[in-house]
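In my numbering, the protein residues as written are 748 to 907.
Backbone N, C-alpha and C define an ideal beta-carbon position, used for all residues, glycine too.
Here the structure is a predicted model, which means the values were calculated and not measured.
Structure, as structure tokens:
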């Protein structure tokens with residue numbers, strides 16, 4: 748196992764087109780349309796406690812984030828059908844995308860070696876990126892905590 752390549756501010760965000768929980772194909776380019784910025788966050792698994800907390804926090808903050816010009820998209824390795832159940836069960840209003848082969852996770856450095864309960868394992872690295880309207884990474888945060896992350900991100904963006 749080795750550390751994944753990590754993105755940094757100023758890097759070009761890797762392009763992607765993924766399937767949403769509704770079966771729609773969604774691309775980074777389409778999300779950036781209209782001079783929007785995109786918050787792309789990677790989480791390990793739908794319908795688990797930490798991931799549910801994080802998704803609900805993004806949903807609760809969505810109006811404020813959208814008013815400030817941001818679109819929010821959560822990406823996991825879960826299949827679209829599971830993401831649809833996640834949305835319905837928890838009343839989520841953010842965009843949920845499926846990356847079953849982990850290609851986009853890897854392109855963003857959000858899959859690789861990490862510590863889990865004191866052991867080195869390979870898995871999803873909970874990460875968040877802010878992509879500017881020009882397609883450049885403005886903020887790259889790796890190994891974020893599920894609880895409290897959205898509030899910290901809002902502070903980092905000057906939206907607290």
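Around the beta carbon of residue 903, fewer than 16 other beta carbons lie within 10 angstroms, which makes this residue exposed. Remark: three or more beta-carbon pairs, one from each stretch, lie closer than 8 Å, so the region 833-847 and the region 755-768 are flagged as touching. Two segments are said to touch when three or more pairs of C-beta atoms, one from each, lie closer than 8 Å; by this definition the region 892-903 touches the region 801-818. With fewer than 16 other beta carbons inside 10 angstroms of its own, residue 836 counts as exposed. With respect to residue 754, residue 887 sits close: the two C-beta atoms are nearer than 8 Å.
The residue among 814, 800, 875 and 893 with its C-alpha nearest the C-alpha of residue 838 is 800.
Rounded to whole angstroms, the gap between the alpha carbons of residue 819 and residue 785 is 6 Å. With a beta-carbon spacing of about 7 Å, residue 758 and residue 883 fall inside the 8 Å limit used to define contacts.
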